Structures are given as C-alpha cells and as structure tokens.
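In order, the protein sequences belong to chains A and B.
For the first sequence, this note's numbering begins at 3 and goes up steadily by one.
For the second sequence, this note's numbering begins at 3 and goes up steadily by one.
What follows is a single structure, written as structure tokens, with notes after it.
2 protein chains.
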Amino acid sequence: MCKVEILIADDHAMIRQGVRSLLSRNSQWNVVGESVNGREAIQHFHDLRPDLMILDISMPEVNGMEVAKHILTGNSDAKIIILSMYNDDDYISKCLEHGVRGYVVKSETGDQLEEAVQTVLRGDCYFSSEVQKSILKHYSGNSRKKATDSDIRLTAREVEIVQLISEGLTNQEMADRLFISARTVETHRANLMKKVGVKNAIELVKKVDQLGLI
Amino acid sequence: MCKVEILIADDHAMIRQGVRSLLSRNSQWNVVGESVNGREAIQHFHDLRPDLMILDISMPEVNGMEVAKHILTGNSDAKIIILSMYNDDDYISKCLEHGVRGYVVKSETGDQLEEAVQTVLRGDCYFSSEVQKSILKHYSGNSRKKATDSDIRLTAREVEIVQLISEGLTNQEMADRLFISARTVETHRANLMKKVGVKNAIELVKKVDQLGLI
DNA sequence: CAGGCGATAGGTATTTCTACGTAATGCGTA
DNA sequence: TACGCATTACGTAGAAATACCTATCGCCTG
C-alpha cells in the first residue's frame, strides 16, 4: 500500500524539521521533499506531484500565497495547507479565495497540524478555531473595508502592487514575484498614480500610506 | 549519570517541536521544559535551572534579548543559545554584549543547532559562519559606519535632499529649487543611498523616515 | 445579453534614476 | 599648514520609470 506523499515548503530548516517530526508520528505519511523558497516549491510540486503540500506563507523569492495561487490555478484539486506565522485576516481570506484546504498558525500545537493533515487528506477543509474567528469576521460583514476619507478605492491587485513598490521592488522584480509581465505591473503602477493623483512612485507610497488605503 | 537539562523558549509550537526532535538525536540531552513567552522563560529558568537554554528572539510579553539580558545579569555563566529568524547585525551585537554563548539562525540546518549545543556545553561559544560575518563587520573598525543603523549621520544638505525626494521632486526640480546642478543632486542621492544601505529612492525615504534621521 | 470593470499585455517615446568613476573648492581643525 | 569633510560638478552607460494608447479575456451584474 502506498504512503501519502507530502511536500514541505518553508525557508526555515527548524520548522521543516518540526513538521517532519510531527508527520513521522503517522507511519502512513511520507515526506517526499522540502523546498526552501517559493520558486523551488512550485518546481518541486510539479516534479513530485505530492498528495499534500504544507506551505509557509513568508518565503524568499515567491511568498506562499502566490505559490498557492499559482498551483491552484492549474490544479484546483491540489491539497494545500498553509502554515503561517500570524493569524492575519487578510491572509486567511486570500488563501480561502485561492482554494487552500487548511490554514494552521505556527503557534498552534502539533496535534492541530496533524489533525489538519488528516482532515485535508479526507477531502475536507481544516481551519483551527482561532482561524475560524477570522473567517466569521469576514463573513459577518465586519471586515468591510473601513470607509476611507477619500472616495479612492484600490483593487486587491493594486494594493498588492503598492505594497511591493513601497518595499522598493522594481517592476521586473514585482513581475517575477507575481508571475505577470513587467508591462502589466507598469499598467497597474500608472493606474495607481492616476487614481491617487500623483506623479511618481514616491508620492504614491506616501499618499496611500497617509490615506490608509492599505 | 545525569543528562544535560535543556530549556526551550519559543512561542511557536512547530519550532519547539523541531528543536525537541533535533535534540532527541542525542540521548544525553533532555528537554526539561518549554516556554511560550519571555516572562515564562525567565520563570522556568529560575525554577528548573537548566544546563542550557535555547531562546527565540521574537516572543510575546518579553522578547528573547531581554530575557537573555535579565538572566545573564544575575547568572553570567548561564549557557544561552539564541535562535533567531534573521541574521540581523543589531541583534547579534546586542546579544554578544549581553553574553550569550551562541546564535543560530532558524534557516540553518539542524546539524548546526546540534553543533551549537555541543560547543556551548563544552564551555565554548558557537556562531555560524553567516553570523560570524556580522561579527567581523562589527569589529573590523567599519562598525562605526554600518554596524548599527542609528549611527548613520546625514549632513544638512543630505537631509534637505531626502526631504525633497520624499516630496516627490525629480532631480531637476530639486536642482532648480536649490540653485545647484542636477548632477550634484544625483551625487547626494547616490551618497545617501550608499550611506543608508538601500538600492533606490523609495527604500531610502522609508528607511530614513523609520530611523528618524530627519 | 450587453456593458462595466479588473487583470492582463503590448507599442513607442521620453524622462528620470542608478552605477561608477573623478575632481575642484572651501571650511574648520588637529 | 595639512588633512578631513561637505559640497559642488561632470562623463558615460545602462536600467527603470513615466506618458499615452490600444486591446483581449473573464467575471459579475443590471
């Protein structure tokens, strides 16, 4: 009988070791690979075709959310569990949109990760009680974007772009990270500056920050 | 024969599990406790008197560096190994000042943590090669310039330039306003970015603002 | 079903910034 | 006085951003 093949993606060796150790409790589970960044994670997914993937959110090169999105676009039935440092509403709702099957916060116990793996392998979704609170908040209308002072509204993608701009990334770097063309990034950038009414990226970052549009 | 008693402090259960698993390779080592925040870590240290303590930097309540400082003030021979997410010069030099015996970055392999524990138990200090680079930087006399961010000093003119950059002016506009050549503005800009250690204007504005250099 | 909108991407041209040099001038101080 | 330092400036290149436009595709909604 075949073992369940699991891929772990996390840039921190300690975490990988922890997850590995937890999974080894169950003899039916087999860790077939470890990825240390997002790009590698995608590569490994395609090479190894694991039954389940445990994915850290914050990783170099390409972050976990983008990895999940990228993989789930072509393989909507892929079983992905997100492992995150924080219990962040935005991350959680984004992950849900993309179709991940589980979300576990690193501060939670190993038992919870184990349960998550079991649940997801059965074909269900797993979200810990802490995470569920965020989900509830999201669906109770409470997480509606707080009314901004101005009537400027940025799309999700635009917010993402602004954040990357404010981190000092160039268009090409953003393009690589988001798997889109640098020209598309330019378009977003231009739209943003027009929307906000500024004439360069520096003013854009300042204004968006000041208006709390993120 | 008594086993070596080790205390682990980290708010993330996954990490604790990983470290535990790594340490279990050596039958002489025994994890006698786990702390999930800084306050608890100090309490556990006093209660359990472990032979060695593995301490995460970022923890709720009291961060790892404060814990180390607090413990080492009263017990300068306490054996503490810092486990950190990042290879940050500031953290490292501060930890060294306080007297910690080892510093391991979480992205490093389990072998390195194991070696760190062995080395520190022998009474020596352990710093991985990556960390050593930071230490060298600090002691190579170059430290005044780079070791601590807060030591960066901007000249009056540079401050002026940064402010104008953050207003979104181009080099030419700044030049016109200051009655100097655009090339001069470029020189200032380049010097600023080199000084602050960033690669473009957006990061410059953000960093300068964040460090309160204006 | 049509129309709006968001995300995607390209064309062309111009402006701006960044990287690496070098170097003159003036001002304070060891 | 001689030296460091801040300020000024230029050369050459190449990378990146900005300005305008057009255009497709998919999704949701009236």
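Glycine included, each C-beta is placed from N, C-alpha and C at the ideal position.
Note that the structure is a prediction, hence the values are computed from the model and not measured.
query                                                                                                          : result
Beta-carbon spacing of A/L57, A/I84 below 8 Å                                                                  : yes
Beta carbon proximity, B/S168 to chain A, threshold 8 Å                                                        : yes
DSSP state of B/F129 mapped onto helix, strand, coil                                                           : strand
The region 53-82 of chain B: positions lying closer than 7 Å to chain A by Cβ                                  : none
Supposed contact pair A/E99 and A/R179 - C-beta distance, whole angstroms, cut 8 Å                             : A/R179 to A/E99, Cβ: 18 Å. No contact.
Per-residue DSSP class, three states only, for A/I8                                                            : strand
Cβ contact (3+ pairs, closer than 8 Å) linking the region 185-198 of chain B and the region 8-15 of chain B    : no
Contact list for the region 12-37 of chain A against chain B, Cβ threshold 8 Å                                 : D13, H14, A15, M16, I17, R18, Q19, G20, V21, R22, S23 and L24
Neighbour flag for A/I204 against chain B, beta carbons, 8 Å                                                   : yes
Sub-8 Å separation of A/G170 and B/K197 beta-carbons                                                           : no
Cutoff 8 Å: B/E117 Cβ touching any chain A Cβ                                                                  : no
Residue-level contact to chain A via CB, B/K208, 8 Å cutoff                                                    : yes
Stretch pair the region 24-36 of chain A + the region 59-73 of chain A: three plus CB contacts closer than 8 Å : no
Proximity below 8 Å, CB of B/M245 to CB of A/V38                                                               : The requested residue 245 of chain B is not part of the displayed model; chain B covers only 3 to 216.
DSSP beta-bridge partners of A/D58                                                                             : A/L85
B/V200: contacting residues in chain A (beta-carbon distance under 9 Å)                                        : G170
Alpha carbon of A/C127 to alpha carbon of A/E110, nearest angstrom                                             : 17 Å
Assigned exposure category for B/C97 - 16 Cβ within 10 Å defines buried                                        : buried
Neighbourhood of B/K5 by C-beta, 7 Å cutoff - its chain only, sequence neighbours within 5 removed             : Q30, W31 and N32
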